[in-house]
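Encoded as structure tokens, the structure appears first; notes follow it.
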Amino acid sequence: KPPMPPALPDVFNVIEDSAIPVVAVMHGTALGGGFELGLSCHARVGIEGLKIGLPEINLGLLPGAGGTQRVPRLAGIPMALDMALSGRQVAAKEALEKGLIDRLVVGDPREVALKAAQDVVAGALVTRRTCDLVTPKDDKALNDTAEMLKKTQAHMFSCHKIVEAVRASYLPRSEGLKIERQAFMDSMQTPQRAGMIHAFFGERAVSNIAEAKGPSRPLTKVGVIGGGTMGSGIATACLLAGLPVRLIEVAEDGLKRGIATVTKNIDGAVQRGKLKAEKRDAVLSALEPSLNMGDLADVDLVIEAVFEQMEVKKEIFTKLDAICKDGAILASNTSYLDINEIAAVTKRPQDVLGLHFFSPAHVMRLLEIVVPDKTAPDVVATGFVLAKALGKVGVRAGVCDGFIGNRILSHYSKTASYLVLDGASPMQVDAALEGFGFAMGPHKVGDLAGLDIGWMTRKRKAATRNPAERYAGDVADKVCENGWFGRKAGRGYYIYEGGTTVPNEETLAIIDAVRAEKGITPRPFRDEEIVDRYMTAMISEAARVVEDGTARRPLDVDMVFLFGYGFPRFRGGPLHYADAIGAKELVARIEAYAKEDPHYWQVPDILARMAKDGGTFADLNKEA
Numbered sequence: 003k004p005p006m007p008p009a010l011p012d013v014f015n016v017i018e019d020s021a022i023p024v025v026a027v028m029h030g031t032a033l034g035g036g037f038e039l040g041l042s043c044h045a046r047v048g049i050e051g052l053k054i055g056l057p058e059i060n061l062g063l064l065p066g067a068g069g070t071q072r073v074p075r076l077a078g079i080p081m082a083l084d085m086a087l088s089g090r091q092v093a094a095k096e097a098l099e100k101g102l103i104d105r106l107v108v109g110d111p112r113e114v115a116l117k118a119a120q121d122v123v124a125g126a127l128v129t130r131r132t133c134d135l136v137t138p139k140d141d142k143a144l145n146d147t148a149e150m151l152k153k154t155q156a157h158m159f160s161c162h163k164i165v166e167a168v169r170a171s172y173l174p175r176s177e178g179l180k181i182e183r184q185a186f187m188d189s190m191q192t193p194q195r196a197g198m199i200h201a202f203f204g205e206r207a208v209s210n211i212a213e214a215k216g217p218s219r220p221l222t223k224v225g226v227i228g229g230g231t232m233g234s235g236i237a238t239a240c241l242l243a244g245l246p247v248r249l250i251e252v253a254e255d256g257l258k259r260g261i262a263t264v265t266k267n268i269d270g271a272v273q274r275g276k277l278k279a280e281k282r283d284a285v286l287s288a289l290e291p292s293l294n295m296g297d298l299a300d301v302d303l304v305i306e307a308v309f310e311q312m313e314v315k316k317e318i319f320t321k322l323d324a325i326c327k328d329g330a331i332l333a334s335n336t337s338y339l340d341i342n343e344i345a346a347v348t349k350r351p352q353d354v355l356g357l358h359f360f361s362p363a364h365v366m367r368l369l370e371i372v373v374p375d376k377t378a379p380d381v382v383a384t385g386f387v388l389a390k391a392l393g394k395v396g397v398r399a400g401v402c403d404g405f406i407g408n409r410i411l412s413h414y415s416k417t418a419s420y421l422v423l424d425g426a427s428p429m430q431v432d433a434a435l436e437g438f439g440f441a442m443g444p445h446k447v448g449d450l451a452g453l454d455i456g457w458m459t460r461k462r463k464a465a466t467r468n469p470a471e472r473y474a475g476d477v478a479d480k481v482c483e484n485g486w487f488g489r490k491a492g493r494g495y496y497i498y499e500g501g502t503t504v505p506n507e508e509t510l511a512i513i514d515a516v517r518a519e520k521g522i523t524p525r526p527f528r529d530e531e532i533v534d535r536y537m538t539a540m541i542s543e544a545a546r547v548v549e550d551g552t553a554r555r556p557l558d559v560d561m562v563f564l565f566g567y568g569f570p571r572f573r574g575g576p577l578h579y580a581d582a583i584g585a586k587e588l589v590a591r592i593e594a595y596a597k598e599d600p601h602y603w604q605v606p607d608i609l610a611r612m613a614k615d616g617g618t619f620a621d622l623n624k625e626a
């Protein structure tokens with residue numbers, strides 16, 4: 003809806019211009035317009051526990067009612083830029099130190115307000131109009147921030163407008179507010195704002211399904227099998243959520259490494275301000291390491307996090323079936339394997355669930371809740387309870403090879419390989435996709451995750467690979483055969499030395515050799531074509547995942563990619579982005595690409611119907 007008069011800035015100007023002193027008593031959480039209301043008052047009294055902020059950036063916007071004009075006058079340009087660009091909540095103590103509130107007290111809001119009024123009358127609380135203050139000159143902060151945003155947030159229109167609006171706080175109030183208002187209205191019309199809105203509401207809607215709302219099982223103690231990077235990360239996430247953890251390993255050395263990793267993770271949480279230092283020892287004391295799987299007899303939930311081999315997982319679940327109490331949930335953190343097959347080795351398939359965490363598990367917010375055929379409803383509901391307790395975005399997924407995210411990844415990652423085989427370099431592919439908005443290109447991601455993971459998967463699936471499919475692993479296999487597994491080995495597609503990252507020339511030589519062996523004449527690719535092919539492949543498989551019910555709704559796919567795969571938030575997710583392209587254009591692209599590889603490039607039925615009927619993925623979200 004278009005804004006209706008009076009506009010909020012005009013209302014706040016009336017307050018600021020009032021001849022009668024107006025004091026804001028602020029408590030709880032005062033964000034956005036609520037905080038801007040306080041800024042327009044002549045004094046601000048905060049009650050202990052207050053948090054203030056300008057979160058509009060999270061919706062692809064900027065403060066639109068004076069925030070960019072009054073915060074610089076009170077607290078300086080660096081603080082204004084920090085608040086508006088981060089959207090973070092500022093605690094009361096910091097707000098007082100920065101001059102954003104004039105007092106910090108304890109008490110009932112009504113009593114505090116009466117005392118403030120009496121102090122104004124007595125001259126004990128000084129009042130003044132914020133607009134009469136002069137913003138301290140700091141062009142360096144403005145210019146440095148503008149340059150930084152060109153490199154890190156090139157696509158985020160509102161970020162650049164925030165700098166422009168804060169710079170306008172040098173001007174008289176009326177002129178500065180006019181610039182801020184125009185920037186706000188311009189931001190309202192951008193695709194970035196639409197993407198951010200979709201991401202914001204999608205995060206809240208993704209768990210709004212019947213399965214998540216039913217009765218759940220008790221969740222007071224968790225067991226984790228495997229003390230590697232993933233198992234230790236899962237244990238850390240549970241400990242930080244207040245859940246006692248029994249960490250199981252088969253060997254003393256592995257257990258010691260697991261304990262050390264958990265300890266390091268907890269210390270990191272303290273350093274990042276996620277855990278108070280005084281609580282560190284108490285949190286770690288809830289970790290119970292053991293070499294005896296029998297110690298899992300009384301836990302409510304066991305999460306298996308060992309390496310990706312079906313026979314190993316089956317052996318573990320057979321043992322858990324005999325050890326764990328009735329009603330205990332047996333969960334696997336498998337990334338790809340068939341959880342129905344794992345559940346079948348137990349006498350309680352109704353208690354088996356997939357809980358697919360993403361590494362590092364104590365940091366990444368995505369949790370795929372994978373539901374096998376025979377899983378009981380209260381087990382599924384408990385998966386969502388766990389996700390909420392851990393502060394994660396839980397997304398329901400059906401069983402297939404890779405579930406939602408890794409299944410789609412397995413498909414579109416082949417495009418990156420094909421592009422390299424056909425003439426692009428790994429560095430060009432990475433740069434093009436980073437230009438699109440990804441934090442890292444696919445080859446940098448592969449180096450970070452470990453190229454041996456994909457190598458192991460390709461070997462596992464080699465016997466069942468469709469002979470009609472163009473093989474995408476020629477280069478990666480040869481890189482792995484050299485032991486170049488990425489960052490952990492010091493080299494992969496890139497070389498990592500002394501904090502620097504440079505292209506691995508020997509990998510480029512491997513690419514040339516593979517092209518020659520296959521008779522491929524390399525051709526040049528424009529960055530735009532790289533992005534189009536990569537994103538079209540991603541969207542195609544994402545559409546199939548919705549079509550076959552692995553994901554219940556398009557927004558489920560979007561949330562998986564926003565929170566687990568580094569998809570640029572301002573684009574809203576793959577299927578939100580697909581609507582921006584349009585089904586007809588996507589079908590035309592696929593049909594054109596299919597002329598060179600008809601097996602890989604096939605139009606999903608759901609996309610063909612949309613192109614014919616004018617439908618969108620947004621329509622499917624409304625229907626779900």
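Mapped onto the numbering used here, the consecutive letters of the sequence shown carry residue numbers 3 to 626.
Heads up, the beta-carbon is just placed ideally off N, CA and C, and yes, glycines get one too.
None of these values were measured; they are calculated from a predicted model.
Proximal residues to residue i (C-beta, below 8 Å), its chain only, five neighbours per side dropped
i	result
Ala148	His162 and Val165
Cys43	Ile17, Glu18, Val24, Val25 and Ala26
Ser88	Ile59
Option in the options with minimal Cα separation from residue i
i	options	result
Thr70	Thr538, Ala391 and Leu179	Leu179
Leu289	Arg472, Pro444 and Ile261	Ile261
Ala596	Met561, Thr538 and Gly617	Thr538
Phe563	Ile541, Gly551 and Gly584	Ile541
Glu182	Ala333, Val447, Leu64 and Leu33	Leu64
Val605	Thr618, Gly616 and Arg591	Arg591
Ala470	Leu83, Pro11 and Trp603	Trp603
Gly574	Asp424, Met198, Pro600 and Val224	Met198
Ala613	Glu598, Asp581, Asp599 and Ala626	Asp581
Gly393	Val559, Leu242 and Leu76	Leu242
Phe572	Ala196, Ala86, Ser20 and Glu58	Ala196
Lys362	Ala330, Gln311, Met232 and His601	Here residue 362 is Pro; the residue named in the question, Lys, does not match the sequence. That would be Met232, whose Cα lies nearest to the Cα of Pro362.
Thr417	Ile532, Ala93 and Pro4	Ile532
Gly448	Tyr495, Leu421 and Asn484	Tyr495
Ala389	Gly356, Ser419, His413 and Glu313	Gly356
Gly216	Gly500, Val382, Phe202 and Tyr567	Val382
Bridge-paired residues (DSSP) for residue i
i	result
Leu355	Ala333
Gly396	Leu369
Thr538	Answer is none; Thr538 lacks a bridge partner.
Gln91	Gly55
Ala26	Arg46
Arg248	Gly225 and Glu290
Thr31	Lys53
Limits of the beta strand (DSSP E) - the one that residue i falls within
i	result
Ile49	Ala45 to Ile49
Lys53	Lys53 to Gly55
Neighbourhood of residue i by C-beta, 7 Å cutoff - its chain only, sequence neighbours within 5 removed
i	result
Ile512	Val477, Lys480 and Val481
Leu332	Val304, Phe319, Leu322, Cys326, Thr348, Asp353 and Val354
Leu588	Thr538, Ile541, Ala580 and Leu609
Arg90	Gly55
Glu205	Val395 and Met561
Ala207	Leu557
Test: residue i CB closer than 8 Å to a CB of chain C
i	result
Leu357	Among the chains of the structure shown, chain C does not appear; only one protein chain is present.
Range covered by the alpha helix (DSSP H) that runs through residue i
i	result
Ala196	Pro193 to Ala207
Thr70	Gly69 to Ala77
Leu10	Leu10 to Asp19
Ser234	Thr231 to Leu242
Tyr595	Ala585 to Tyr595
Met6	No alpha helix (DSSP H) holds Met6; DSSP gives it neither H nor E.
Phe619	Phe619 to Glu625
Ile344	Ile341 to Ala345
Leu609	Asp607 to Asp615
Gly270	Glu254 to Gln273
Same chain only: Cβ atoms within 6 Å of residue i, ignoring 5 sequence neighbours per side
i	result
Ala345	Pro351, Val354 and Pro374
Arg105	Val47
Within the segment 438-525, ranges of the beta strand (DSSP E) (whole runs, at least 3 residues): Contiguous beta strand (DSSP E) elements confined to the segment 438-525 occur at 496-499 and 502-505, taking only those with 3 or more residues.
Contiguous beta strand (DSSP E) assignments of at least 3 residues, all confined to the segment 105-190: Runs of the beta strand (DSSP E) lying entirely within the segment 105-190 and spanning at least 3 residues, in chain order: 105-107.
Contiguous alpha helix (DSSP H) assignments of at least 4 residues, all confined to the segment 542-577: 556-566, all fully within the segment 542-577.
Ordered list of alpha helix (DSSP H) runs contained in the segment 280-324, each at least 4 residues: Counting only runs of 4 or more, we get 282-287.
Runs of beta strand (DSSP E) lying entirely within the segment 378-427, each at least 3 residues, in chain order: The segment 378-427 contains, as complete beta strand (DSSP E) runs of 3+ residues, the segments 395-399 (chain order).
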